Amino acid sequence: MTHAAPVAPPADLADNPVAASLRLLNRIGTLCWVEMRKIRHDRTELYTRAIQPALWLLIYGEVFTRVHAIPTPKGIPYLAYLAPGIMAQSALFIAIFYGIQIIWERDAGVLTKLMVTPTPRSALITGKAFASGVRSLVQGVVVLIIAALLGVSFTLNPLKIIFALVILAVGSAFFSCLSMSLAGVVVARDRLMGIGQAITMPLFFSSSALYPAKIMPGWLQVISRINPLSYEVEALRGLLIGTPTTMWLDVLVLVGATIASITCAALLLPRLANR
Amino acid sequence: MTVDAASVAPAETAVSAVECVDLSYQFPAHLAVDHVNLSIAPGEMYGLLGPNGAGKTTTIRMITTLLPPGTGSVRVFGIDATARPMLVRRAIGYVPQALSADANLTGVENVELFARLFDVPRRVRRQRVDEALSAMGLTEAAGRLAGTYSGGMIRRLELAQSLISAPRLLVLDEPTVGLDPIARSVVWEYIARLRSQFAMTVLMTTHYMDEADAYCDRISLMHRGTIRVTGSPAALRAGLGADATLDDVFRHYTGDTLKDSPSSPEEGDMRDARRARRTARRLG
Ligand SMILES: Nc1ncnc2c1ncn2[C@@H]1O[C@H](COP(=O)(O)OP(=O)(O)O)[C@@H](O)[C@H]1O
Ligand SMILES: [Mg+2]
Numbered sequence: 001m002t003h004a005a006p007v008a009p010p011a012d013l014a015d016n017p018v019a020a021s022l023r024l025l026n027r028i029g030t031l032c033w034v035e036m037r038k039i040r041h042d043r044t045e046l047y048t049r050a051i052q053p054a055l056w057l058l059i060y061g062e063v064f065t066r067v068h069a070i071p072t073p074k075g076i077p078y079l080a081y082l083a084p085g086i087m088a089q090s091a092l093f094i095a096i097f098y099g100i101q102i103i104w105e106r107d108a109g110v111l112t113k114l115m116v117t118p119t120p121r122s123a124l125i126t127g128k129a130f131a132s133g134v135r136s137l138v139q140g141v142v143v144l145i146i147a148a149l150l151g152v153s154f155t156l157n158p159l160k161i162i163f164a165l166v167i168l169a170v171g172s173a174f175f176s177c178l179s180m181s182l183a184g185v186v187v188a189r190d191r192l193m194g195i196g197q198a199i200t201m202p203l204f205f206s207s208s209a210l211y212p213a214k215i216m217p218g219w220l221q222v223i224s225r226i227n228p229l230s231y232e233v234e235a236l237r238g239l240l241i242g243t244p245t246t247m248w249l250d251v252l253v254l255v256g257a258t259i260a261s262i263t264c265a266a267l268l269l270p271r272l273a274n275r
Numbered sequence: 001m002t003v004d005a006a007s008v009a010p011a012e013t014a015v016s017a018v019e020c021v022d023l024s025y026q027f028p029a030h031l032a033v034d035h036v037n038l039s040i041a042p043g044e045m046y047g048l049l050g051p052n053g054a055g056k057t058t059t060i061r062m063i064t065t066l067l068p069p070g071t072g073s074v075r076v077f078g079i080d081a082t083a084r085p086m087l088v089r090r091a092i093g094y095v096p097q098a099l100s101a102d103a104n105l106t107g108v109e110n111v112e113l114f115a116r117l118f119d120v121p122r123r124v125r126r127q128r129v130d131e132a133l134s135a136m137g138l139t140e141a142a143g144r145l146a147g148t149y150s151g152g153m154i155r156r157l158e159l160a161q162s163l164i165s166a167p168r169l170l171v172l173d174e175p176t177v178g179l180d181p182i183a184r185s186v187v188w189e190y191i192a193r194l195r196s197q198f199a200m201t202v203l204m205t206t207h208y209m210d211e212a213d214a215y216c217d218r219i220s221l222m223h224r225g226t227i228r229v230t231g232s233p234a235a236l237r238a239g240l241g242a243d244a245t246l247d248d249v250f251r252h253y254t255g256d257t258l259k260d261s262p263s264s265p266e267e268g269d270m271r272d273a274r275r276a277r278r279t280a281r282r283l284g
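From first to last, the protein sequence lines stand for chains A and B.
Under the working numbering, the residue at position 79 of the first sequence is numbered 79, and the numbers go up by one with no gaps.
Under the working numbering, the residue at position 4 of the second sequence is numbered 4, and the numbers go up by one with no gaps.
Have a look at this one:
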């Protein structure tokens with residue numbers, strides 16, 4: 001067997017800003033690739049994850065449609081109002097587990113080893129956020145199909161549907177980075193599991209996923225306004241069922257929150273790795 | 001693997017592969033590394049020896065840029081680890097203490113990931129990955145998820161991962177911990193073979209005296225964060241008399257036995273118990 005002699009590293013590795021940004025993109029691409037491989041190896045998880053949103057629509061959605069308990073804008077059927085909310089919720093529930101996954105990878109030594117490669121920390125986080133986004137797309141499509149079967153009429157404009165799925169993925173990326181940031185703060189898996197459970201439900205119920213903000217008590221409306229999940233849900237509704245919303249604000253909040261949370265999680269990553 | 005034309009420039013052979021000066025690291029409750037000075041020559045197989053909790057892993061973490069040095073400095077082939085971490089990472093192949101292949105990826109994917117992260121050109125990537133796997137005796141298992149591998153196979157897979165970038169410095173943290181004696185000797189066989197094939201510097205830690213004795217050119221004995229003595233295993237033994245073992249050497253320099261002397265009884269034990277559990281989980 002012939003072999004490679006140790007080679008001197010290219011001198012421009014860290015110097016040149018152009019080379020550095022190209023490397024960042026290249027590494028993000030690689031880590032997205034590797035996350036896609038992992039998803040492919042575990043497809044059953046994708047399917048079992050689809051059960052929960054199906055139940056929400058079939059049981060909760062059908063019942064509350066019947067009782068007419070929740071006033072919807074423009075009197076649209078409650079199931080149609082609910083579907084984008086369930087989409088966002090099921091993506092949230094997946095995303096929030098990425099913090100636990102990254103702690104698991106830390107415990108397994110996988111993370112440590114990646115951090116000794118010439119890879120920016122933000123690329124490691126972005127790869128995970130991407131995976132969370134991809135998983136959320138599957139959820140989104142499942143919810144679209146089930147809701148359509150239950151008689152919900154969504155927009156037929158393919159551009160709007162694609163845009164909605166992008167919003168869903170960005171929202172999911174944000175919540176996965178939030179979870180990974182928390183992982184960097186609490187460091188231990190069991191504590192993060194507790195915190196994960198403690199924040200997902202409040203995030204969900206204080207958003208406009210199940211009911212419009214205007215029927216909430218005043219204090220909850222305030223929380224709803226600072227909850228990124230509300231912006232995600234409103235954007236999805238605006239695109240899919242045409243409820244009125246300030247689209248540019250929704251997008252701005254989501255993209256801003258995502259960038260901030262990637263940065264935050266990347267800064268906390270060394271703290272996580274060194275425990 | 002294919003021979004790369006560019007090799008180490010002659011001028012660089014004068015520079016130490018690793019140079020630690022007055023290196024210390026203070027955890028909140030524990031001074032883990034205490035003014036360590038060490039210098040590893042290019043091509044050397046260097047062992048850092050000490051009981052659990054001696055500070056070996058913390059030292060390795062600073063050398064591999066995972067931890068910023070508390071005080072003092074680290075240079076790898078003359079490059080400052082704090083100032084130019086990316087360049088240092090580029091030069092290093094690292095196998096951490098925990099068994100750390102990604103259980104959710106196949107053997108090939110595990111190695112290909114590292115090939116990509118180290119910019120192995122696309123046209124030779126696949127071939128190099130296959131060669132690295134076959135050099136580690138993993139061709140058969142290459143398409144299987146690493147989660148199905150035995151402990152010894154995971155270690156060999158990790159070696160394949162760390163070597164795909166043709167590193168100038170290979171850092172092995174307890175490469176054989178948690179392995180049964182047969183898997184241990186297999187891993188050492190592979191490391192010895194690699195060393196004879198690649199002109200590589202190797203820095204390893206272990207708490208097995210016999211391994212250090214058999215494989216290292218030079219060793220440093222580490223105890224409670226400090227390096228007590230450095231030299232070739234033979235010279236260290238000779239200093240104590242005709243039939244001294246490295247265990248005797250260790251006892252002589254630390255007044256402690258290697259086997260049951262965690263440097264910091266409470267913490268060292270706890271942390272290592274946790275690691276052992278993780279390893280056991282992954283092996284199980
Ligand atoms: N993240 C950490 N936080 C606090 N203490 C630590 C941490 N990592 C290691 N230590 C302590 O530092 C000492 C040296 O640990 P380590 O470098 O892992 O030793 P070794 O690798 O020689 O077994 C031990 O007492 C250990 O408990
Ligand atoms: Mg150790």
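Even glycine gets a Cβ: it sits at the ideal position worked out from N, Cα and C.
Values in this document were obtained by computation on a predicted structure and should not be read as measured data.
Worksheet item: Is it right to say residue 45 of chain B is buried, meaning 16 or more other beta carbons lie within 10 angstroms of its own, or is it exposed?
Response: Classification for residue 45 of chain B: buried.
Worksheet entry | Closer than 8 Å to chain B by CB, residue 41 of chain A | True, the Cβ-Cβ gap to chain B drops below 8 Å.
Worksheet entry | N- and C-terminal bounds of the beta strand (DSSP E) containing residue 30 of chain B | Here the beta strand (DSSP E) through residue 30 of chain B covers 30-40.
Worksheet item: Going by C-alpha distance, which of B:155, B:103, B:161 is nearest residue 125 of chain B?
Response: Looking only at B:155, B:103, B:161, the smallest Cα-Cα distance to residue 125 of chain B is reached by B:161.
Worksheet item: Quick one: which chain A residues come within Cβ less than 7 Å of residue 66 of chain B?
Response: Within chain A, the residues whose beta carbon sits less than 7 Å from that of residue 66 of chain B are 112, 115, 116, 273, 274, listed in sequence order.
Practice prompt. Mind listing the chain B neighbours of residue 49 of chain A? Cutoff is C-beta to C-beta under 7 Å, in chain order.
Written response: Neighbourhood of residue 49 of chain A in chain B, by CB distance below 7 Å: empty, with the nearest CB roughly 16 Å away.
Fill in: Contacts of residue 44 of chain A in chain B (Cβ-Cβ under 7 Å)
For a Cβ distance threshold of 7 Å, nothing in chain B lies close to residue 44 of chain A: the least Cβ distance comes to about 13 Å.
Fill in: Per-residue DSSP class, three states only, for residue 221 of chain B
Residue 221 of chain B: strand per DSSP, three-state reduction.
Practice prompt. Return the chain-ordered list of same chain residues with a C-beta closer than 8 Å to the C-beta of residue 238 of chain A, the five sequence neighbours on each side being excluded.
Written response: So the qualifying residues of the chain are 244, 245, 247, 250.
Discussion item. Considering just the uninterrupted stretch of the alpha helix (DSSP H) at residue 204 of chain B, what are its terminal residues?
Written reply: Not the alpha helix (DSSP H): residue 204 of chain B falls in the beta strand (DSSP E), residues 201-206.
Worksheet item: Do you know how far the Cα of residue 28 of chain B is from the Cα of residue 184 of chain A?
Response: The alpha-carbon separation between residue 184 of chain A and residue 28 of chain B amounts to approximately 18 Å.
Worksheet item: Mapping DSSP to helix, strand and coil, what is residue 171 of chain B?
Response: Reduced to three states, the DSSP call for residue 171 of chain B is strand.
Discussion item. What are the residues in the stretch 92-109 of chain B lying within 9 Å of chain A by C-beta distance?
Written reply: From the stretch 92-109 of chain B, only 92, 93, 94, 95, 96, 97, 98, 99, 100, 101, 102, 103, 104, 105, 106, 109 have a Cβ closer than 9 Å to chain A.
Worksheet item: Ends of the beta strand (DSSP E) at residue 26 of chain B?
Response: Unbroken beta strand (DSSP E) run through residue 26 of chain B: 18-27.
Worksheet item: Based on Cα-Cα distance, which residue from B:163, B:217, B:150, B:167 lies nearest to residue 184 of chain B?
Response: Considering only alpha carbons, the answer is B:150.
Worksheet item: With a cut-off of 8 Å, does the C-beta of residue 145 of chain B fall near any C-beta of chain A?
Response: Interface residue (Cβ-Cβ distance to chain A less than 8 Å): residue 145 of chain B is classified as such.
Worksheet item: Is DSSP giving residue 248 of chain B helix, strand or coil here?
Response: It is helical.
Discussion item. Can you confirm whether residue 61 of chain B, when its beta carbon is compared against all beta carbons of chain A, has any partner nearer than 8 Å?
Written reply: So, interface residue.
Worksheet item: Can you list the beta strand (DSSP E) stretches of 3 or more residues lying completely in the stretch 187-243 of chain A, in chain order?
Response: Correct list: empty.
Practice prompt. Could you name the residues of chain B that residue 54 of chain A contacts, counting a contact when the two beta carbons are closer than 9 Å?
Written response: In chain order: nothing, as chain B lies at least about 26 Å away.
Worksheet item: At a cut-off of 7 Å, is residue 174 of chain B close to ligand 2 when judged by its beta-carbon and the heavy atoms of the ligand?
Response: Yes; taking the cut-off as 7 Å, the Cβ of residue 174 of chain B has a heavy atom of ligand 2 nearer than that.
Fill in: Cutoff 8 Å: residue 108 of chain A Cβ touching any chain B Cβ
Taking Cβ atoms only, chain B reaches closer than 8 Å to residue 108 of chain A, which makes this a yes.
Worksheet item: Rounded to the nearest angstrom, how far is the Cβ of residue 105 of chain B from that of residue 214 of chain A, given a contact under 8 Å?
Response: Actually they are not in contact, since the Cβ atoms of residue 105 of chain B and residue 214 of chain A sit about 48 Å apart, beyond 8 Å.
Worksheet item: Per the contact definition of three or more C-beta pairs closer than 8 Å, is the stretch 227-236 of chain A in contact with the stretch 166-180 of chain A?
Response: Between the stretch 166-180 of chain A and the stretch 227-236 of chain A, the count of C-beta pairs closer than 8 Å reaches three or more; the two stretches touch.
Worksheet item: How many Å lie between residue 202 of chain A and residue 52 of chain A at the Cα?
Response: Each residue's Cα considered, the two are about 18 Å apart.
Worksheet item: Is it the case that the CB of residue 65 of chain B approaches a heavy atom of ligand 2 more closely than 7 Å?
Response: No; taking the cut-off as 7 Å, the Cβ of residue 65 of chain B has no heavy atom of ligand 2 nearer than that.
Worksheet entry | Segment limits, beta strand (DSSP E) that includes residue 92 of chain B | First-last of the beta strand (DSSP E) with residue 92 of chain B: 92-95.
Discussion item. Can you check which of these residues, B:191, B:214, B:242, B:219, is closest to residue 39 of chain B by C-alpha distance?
Written reply: The shortest CA-to-CA distance from residue 39 of chain B to any of B:191, B:214, B:242, B:219 is the one to B:219.
Worksheet entry | Cβ contact (3+ pairs, closer than 8 Å) linking the stretch 106-123 of chain B and the stretch 193-205 of chain B | As far as the Cβ criterion goes, the stretch 106-123 of chain B does not touch the stretch 193-205 of chain B, which means the pair count is below three.
Worksheet entry | DSSP-derived helix/strand/coil call for residue 72 of chain B | Strand.
Worksheet item: Quick one: which chain A residues come within Cβ less than 8 Å of residue 48 of chain B?
Response: Taking a Cβ-Cβ cut-off of 8 Å, residue 48 of chain B has no neighbours in chain A, whose nearest Cβ is about 17 Å from it.
Discussion item. With distance defined between alpha-carbon atoms, name the residue in B:68, B:77, B:164 nearest to residue 14 of chain B.
Written reply: Closest option to residue 14 of chain B, Cα to Cα, is B:77.
Worksheet item: What is the residue span of the beta strand (DSSP E) that residue 230 of chain B lies within?
Response: 226-231 is the span of the beta strand (DSSP E), which, as asked, contains residue 230 of chain B.
Worksheet entry | Those residues which DSSP pairs with residue 87 of chain A across a bridge | None; residue 87 of chain A has no bridge partner.
Item to complete: Can you have a look at residue 98 of chain A and say buried or exposed, based on whether 16 or more other CB atoms are within 10 angstroms of its CB?
Response: Its Cβ being crowded by 16 or more others within 10 Å, residue 98 of chain A is buried.
Fill in: Alpha carbon of residue 173 of chain B to alpha carbon of residue 112 of chain B, nearest angstrom
A straight line joining the alpha-carbon of residue 173 of chain B with that of residue 112 of chain B spans about 22 Å.
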